[in-house]
Structure formats: structure tokens, C-alpha cells
Amino acid sequence: MAKIDFLAIGDTVIDDFIKLKDARVNCDINDENCTITMRFADKIPFESSTAVYGVGNAANAAVSASRLGLASGLITNIGDDDRGDKVISHFKEEKIDRKFIARHRGAPTNYHYVLWYESDRTILVNHFHYPYVFPKNIGEPKTVYLSSLGEGTEEYHAAISDWLLDHPKVFFAFQPGTFQIKLGLNALARLYGRADVLFANKEEYQRILGLPDTDDDIPDLLKKMKEKGPKLPFLTDGVKGVYVLIEDGSVEHMDMFPDPAPPVERTGAGDAFSSTTAAYLTMGMSLKDAMLRGTANSAYVVQKIGAQEGLLTKTVLEDIVRRS
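In my numbering, the protein residues as written are 5 to 328.
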């Protein structure tokens, strides 16, 4: 069996970007807790619709690692339908090891609707409940990267936890998705406890830890997360950059990488940072240098539609970092 360096686990989806023309965004006094408003019971014009195949947190991470030169694989579930065929074709083009992709007859491939307005988006998600079975004989990759899975996957998460605890030398990166956060800390305690690195934004930290959105002291959030087990907890905070609690108990901060141009739309920015940082740590790079490349790839992914088109190859990314 071919050796896999970077094995991502999570649901795969198709994102349909619907570019809105007639909407309004309302935020609080701190430009946070924003909502999007459209007329109710009316016909709302939109500018365009663009379907992007083979995305999702884990799929994005697998593609990111592959473009950076790692032998990358993906454990995921999709339907045995035309949309699934296009997903498989996309992964083949991206040189993703596909042996652990399960296709289910009569089931749909996950399809999400992305309401794209100005440079940001709101995503309507619906994860089909596949008969999840953790594959046997996956070897021992250097890194396992776990992210978004749908509801009703408690037993599947338990199987992943069992495997990770049986393979303590495998570097484990955890980027919890919406439903994993909803499951709660207790249900996924073994995963948080096993994580070598954990990636989440400030709002996700608050939800994971069961704290109000007024509890926004970043060093405190990081310390509370580290108490749950992750060796290196990372917290992203939009334009304020990224923070990580390092082993000596201090907080390392890194600013956003300068945008080469105004962002087109921001889907995949967090995935690009997390997966790139994890990929370079897999390669043995230092923490700060890995983070820098994560921020750079994040800045470039938002220059394109979707979470993958703007992901950089290692050669291009290294050249951008060298010139920065």
C-alpha cells in the first residue's frame, strides 16, 4: 500500500456559490454578530451560481497538503451519483489517494448552498447520514487531520479515537466542524485530549468551551482549551490574526499576511491556514515558519471563488514568503 503522509478525515461536499445582489448585512457596534437580511416572500435576484466540487474542511486540507508536496489521502463518504463522479474526478486531478473514499448506492453526495454577498458568505449546510465505517488497514500516516463530520457519527468518532490512541506516534491535527462542536467537549474528550494541534476561531472556542460571546480574552480562551488536552491550541480571530499557546505557557501572535488584492470571497481562509500550518509541521518546519506560510496561503485562497482554487503550490508559496 502506498505510503500516505497526510490523511484527512471528514465529510466531502459540493459548494454552490450563489452571488447575491439584493441583501443587507447588519452588525453590532463591534462589527460582530452580523446577520444577513433579504426581503421575505419575494423574488430575490442573484448575479451568478458557481458549483465547486470536492470541498469541505477535510477535502480542502487534503488538497492543500497535496499541492504542498505531501502524499495526501482522504477518508470520506460520498454518493454513487453524477455529482460523486465529478468529486472523484476532481480528487484524481489533485493527486489525492482515493482508496478510502466510500461511495454509497442510492445516497446523494452532500450539496451545500453558499450565499455569497460582497466578500463574505453564509453557508446552508446539510450532511447526509452515511453508514460511516472507519476503514481498516490505513497504515500509519505521518499526520491525521480530522475535521467536519455530520450528526449521528458518535460511534464513528469513537472508532477514530480508538485508532489514534493505538497510534501515539501519529501527529494529530483537529479542526472541529459545526456538528462536532455541537456534540460537545465530553462526547469528544478523547479527541481533544489526543490532539497535537487544534484549530478554531474565537467564536468556535466560545462554543466549544460553553462560554458567552462576551468572554473574549484570548490568552484565557487558549489556556482553557489547553486544559482540555491539545498540545498546541491555535485561535484565529479574523483581521486580528492568529494566536497559539506554546509550550512555555506564553501566547504567540501572528498578523494576517498582507492581501495581494481585496478578497473576492472568504470561503476556505481558515481551512487554508490550518491545513498549511499542519502540513508544514508534518514536514518538520518550525512553528513560526509554519504559521507564516499558513497565513500566506490563507491570504491567497480568498482571491478565488471557493476554498481550493487559490491554494498555492509549495514552489509558489515559498517564493511569496521569500519576497514578503
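Glycine is no exception: its CB is placed at the ideal position from the N, C-alpha and C atoms.
These figures come from a predicted structure and were not determined experimentally.
Contact check, residue i vs residue j, beta carbons under 8 Å
| i | j | result |
| --- | --- | --- |
| PHE344 | THR299 | Absent from the structure is residue 344, since the part of the chain shown begins at 5 and ends at 328. |
| LYS235 | ASP200 | yes |
| ALA55 | ALA12 | no |
| ASN301 | LEU285 | no |
| LEU8 | PRO180 | A small fix is needed here, since residue 8 is Ile in this sequence, not Leu. Their beta carbons are not under 8 Å apart, which means ILE8 does not touch PRO180 by this criterion. |
| LEU249 | SER68 | no |
| LYS90 | GLU51 | no |
| LEU226 | VAL255 | yes |
| PHE104 | VAL148 | no |
| ARG28 | ASP124 | no |
| HIS161 | LEU202 | no |
| ARG194 | LEU153 | no |
| PHE183 | LEU150 | no |
| HIS133 | GLU159 | no |
Beta-bridge partners of residue i, as assigned by DSSP
| i | result |
| --- | --- |
| GLU36 | DSSP lists no partner for GLU36. |
| VAL118 | PHE21, ILE127 |
| VAL360 | In this structure the chain extends from 5 to 328, so residue 360 is not present and cannot be described. |
| VAL56 | ASP19 |
| ASP101 | GLY77 |
| VAL248 | PHE238, GLU256 |
| ALA63 | DSSP lists no partner for ALA63. |
| THR147 | PHE10, PHE175 |
Reference residue i; option with closest CA among the options
| i | options | result |
| --- | --- | --- |
| GLY274 | GLY154, GLU207, CYS38 | GLU207 |
| TYR209 | LEU189, ALA27, THR41, VAL268 | LEU189 |
| ARG327 | GLY242, VAL305, ILE309, ARG297 | ARG297 |
| PHE95 | ILE18, LYS292, LYS25 | ILE18 |
| ARG87 | ALA111, PHE176, ARG125 | ALA111 |
| THR126 | HIS133, HIS116, TYR134 | HIS116 |
| GLN73 | MET287, ARG107, LEU291, GLU158 | First, the residue type needs correcting, since residue 73 is Gly and not Gln in the sequence shown. The shortest C-alpha separation from GLY73 is found at MET287. |
| ASP4 | TYR304, ALA282, VAL243 | A query on residue 4 cannot be resolved here, the shown segment of the chain reaching from 5 to 328 and no further. |
| ILE82 | ALA106, ILE309, CYS38, TYR160 | ALA106 |
| PRO49 | ALA303, LYS230, LYS23 | LYS23 |
| THR113 | ARG194, TYR57, ASP241 | TYR57 |
| GLY214 | ILE185, ASP221, PHE10, ARG102 | ILE185 |
| SER165 | ASN61, ALA75, TYR196, LYS228 | TYR196 |
| ALA283 | LYS230, TRP167, GLY77, ASP32 | GLY77 |
| SER278 | LYS318, MET289, LYS308, THR240 | THR240 |
| GLY233 | GLU251, ASP219, ILE222 | GLU251 |
| HIS131 | GLN307, THR16, ILE309 | THR16 |
| GLY272 | LYS308, GLY253, ASP293 | LYS308 |
| PHE138 | ILE92, VAL325, ARG109, THR80 | THR80 |
| GLU313 | ASN64, HIS108, ASP220, HIS257 | ASN64 |
| PRO223 | GLY253, LYS47, ARG198 | GLY253 |
For residue j and residue i, believed in contact at Cβ under 8 Å, the rounded distance
| i | j | result |
| --- | --- | --- |
| PHE21 | VAL129 | That belief does not hold up - the Cβ atoms of PHE21 and VAL129 are roughly 14 Å apart, past 8 Å. |
| GLU98 | SER53 | Contact flag wrong, Cβ pair sits at about 23 Å. |
| ALA276 | VAL59 | That belief does not hold up - the Cβ atoms of ALA276 and VAL59 are roughly 12 Å apart, past 8 Å. |
| GLY14 | ALA62 | 3 Å |
| PRO264 | TYR304 | 7 Å |
| ALA351 | ASP101 | Lying outside 5 to 328, the shown extent of the chain, residue 351 is not represented and no answer is given. |
| ILE40 | TYR136 | About 32 Å; that fails the 8 Å criterion. |
| MET295 | THR317 | Their Cβ separation, rounded to whole angstroms, is 19 Å, which puts MET295 and THR317 out of contact at 8 Å. |
| ASP217 | ASN30 | Contact doesn't hold; Cβ gap of about 16 Å is too wide. |
Check: residue i C-beta below 7 Å from any heavy atom of the ligand HEM
| i | result |
| --- | --- |
| TYR284 | In terms of ligand content, the structure shown is empty, and the ligand HEM therefore cannot be addressed. |
Short CB-CB distance (under 8 Å) between residue i and chain C
| i | result |
| --- | --- |
| GLU155 | Annotation note: the requested chain C is absent from the structure, which comprises a single protein chain. |
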